[in-house]
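Notes for the one structure printed next.
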Amino acid sequence: MSSPSEENPVRTTLEVADLQVSVAGGLVAVQDVSFEIRRGESVGLVGESGSGKTLTCRAILGLLPATGRIDGGRIVLGDGADAVELTGARRSTWDQVRAVRIGAVFQDPASYLNPSLTVGHQLAEQLRVKGSLSRRAAHDRAVELFDEVGLHDPAGVFHQYPHQLSGGMLQRVLIAIAVSCEPELLIADEATTALDVVIQAEILALLRRLRDTHGLSLLLVTHDLAVVAESCDRILVMYGGQVVESGPTDQVLRDPRHPYTQALMGVATIGSWHRRRLDVIPGQPPAAGEEMPGCRFAPRCAHATAACESGPVPVADLGGDRTSRCVLAGHLSLSPRVTTGQEVPA
Ligand SMILES: Nc1ncnc2c1ncn2[C@@H]1O[C@H](COP(=O)(O)OP(=O)(O)OP(=O)(O)O)[C@@H](O)[C@H]1O
Ligand SMILES: [Mg+2]
131 MSSPSEENPV RTTLEVADLQ VSVAGGLVAV QDVSFEIRRG ESVGLVGESG SGKTLTCRAI
191 LGLLPATGRI DGGRIVLGDG ADAVELTGAR RSTWDQVRAV RIGAVFQDPA SYLNPSLTVG
251 HQLAEQLRVK GSLSRRAAHD RAVELFDEVG LHDPAGVFHQ YPHQLSGGML QRVLIAIAVS
311 CEPELLIADE ATTALDVVIQ AEILALLRRL RDTHGLSLLL VTHDLAVVAE SCDRILVMYG
371 GQVVESGPTD QVLRDPRHPY TQALMGVATI GSWHRRRLDV IPGQPPAAGE EMPGCRFAPR
431 CAHATAACES GPVPVADLGG DRTSRCVLAG HLSLSPRVTT GQEVPA
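The numbering used here puts the first residue of the sequence shown at 131, with every later residue one more than the last.
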């Protein structure tokens with residue numbers, strides 16, 4: 131008899147391996163990025179401004195800016211017979227994937243809606259074209275979806291134009307559109323950043339609920355560690371275009387194994403870290419295209435030695451689904467020594 135794990139293997143929604151993305155004629159902005167999102171899992175992607183979060187998402191969606199290019203690596207959506215490799219895919223494949231298998235919401239919902247059409251019309255049209263529903267069925271399903279995403283008076287909202295709705299309502303409309311085709315993966319890139327904290331909490335709760343009811347996987351991009359702590363099973367920490375640490379959220383936030391993660395958590399104030407944002411670390415992150423032979427965080431790292439800057443730092447597998455791109459990963463812990471910048475054992 132086969133074991134339970136053989137009968138019911140963990141399914142993979144997305145596998146990104148060694149992804150490299152350049153912008154503006156060859157400036158490398160995302161390099162050597164690898165991660166996996168399992169079915170029904172929510173993964174938080176954090177890092178300072180410019181660390182490559184949005185380009186990573188846009189590479190997955192096939193929506194890089196005009197000057198952007200995937201230079202290497204693999205992006206595989208789904209597994210088994212459903213797997214599709216996206217990096218070399220034709221435009222029609224990307225269109226198909228975006229239509230049905232990956233949904234996305236961004237920071238500025240208004241710019242993704244047509245101002246001259248009612249929001250109901252825009253959702254119903256999507257349902258008609260992509261879901262092959264009749265006009266009546268598309269209307270009814272749209273009202274149902276508006277209700278599901280928490281819009282009061284969903285039948286009334288159906289007939290409203292984008293300018294008549296608040297930012298929070300527009301984001302709910304976008305989420306309804308994003309999940310309308312039952313995608314496997316929903317990417318939310320700073321989807322709650324522009325909203326006030328109450329609405330932000332409601333939208334995050336909605337995303338968590340949709341994940342459960344629709345069996346979605348979620349990739350949640352945010353500057354806010356509290357958002358990850360509340361909403362994500364696993365965390366990916368990006369710095370200078372690379373993933374520098376990954377692992378189960380509770381473990382990484384309790385015991386970070388990369389000095390950058392420690393710094394952005396504000397280790398000295400552990401206990402109140404959860405409302406801190408990521409813009410508190412002295413110094414500047416490297417710009418896109420800035421070549422550095424060694425660790426990209428070394429110039430800002432309290433623990434860096436000459437060795438850190440001399441050559442590439444491999445990703446260390448720490449076991450338990452955790453990785454760190456730091457030569458000291460096995461020795462770093464949340465001790466007072468870390469916060470005072472004293473030496474940690476080599
Ligand atoms: N269209 C573009 N042309 C040139 N450079 C770009 C372009 N888009 C992004 N970049 C550069 O690529 C790097 C990564 O950008 P990206 O937008 O992915 O960062 P991010 O982590 O999403 O930042 P933020 O938190 O501010 O949204 C940055 O250095 C940025 O300046
Ligand atoms: Mg971004």
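The C-beta atom is built at its ideal place from N, Cα and C for all residues, glycine as well.
- Proximity to V279 across V445, S361, A335 peaks at A335, based on C-alpha coordinates.
- Shown here, G345 sits in coil according to DSSP, grouped into three states, outside any helix or strand.
- Residue state for F236 is assigned as coil, using DSSP reduced to three classes.
- Out of P195, G450, S440, the CA that lies nearest to the CA of M422 is found in S440.
- Less than 8 Å divides the Cβ of V160 from the Cβ of A189.
- A distance below 7 Å between beta-carbons, with the five flanking residues on each side excluded, links I411 to the following residues of its chain, in chain order: A393, L394, R430.
- Counting the other CB atoms within 10 Å of its CB gives E171 a total of 16 or more, which places it among the buried residues.
- Not one heavy atom of ligand 1 is found less than 7 Å from the C-beta of S152.
- Nearest in C-alpha terms to F165, of all of P416, Q252, D319, R452, is R452.
- Checking the 7 Å criterion, the Cβ of E320 is within range of a heavy atom belonging to ligand 2.
- Here H269 has A254 as same chain residues with Cβ atoms under 6 Å from its own Cβ, once five neighbours each way along the sequence are excluded.
- Between ligand 2 and the CB of T184, the shortest heavy atom gap is smaller than 7 Å.
- For Y390, no beta strand (DSSP E) segment is defined; the enclosing uninterrupted segment is the alpha helix (DSSP H) at 389-395.
- G177 is classed as buried because its beta carbon has at least 16 other beta carbons within 10 Å across all chains shown.
- By the neighbour-count criterion, in which a residue is buried when 16 or more other Cβ atoms sit within 10 angstroms of its Cβ, Q372 is buried.
- Between ligand 1 and T197, a heavy atom-to-CB distance of less than 7 Å is present.
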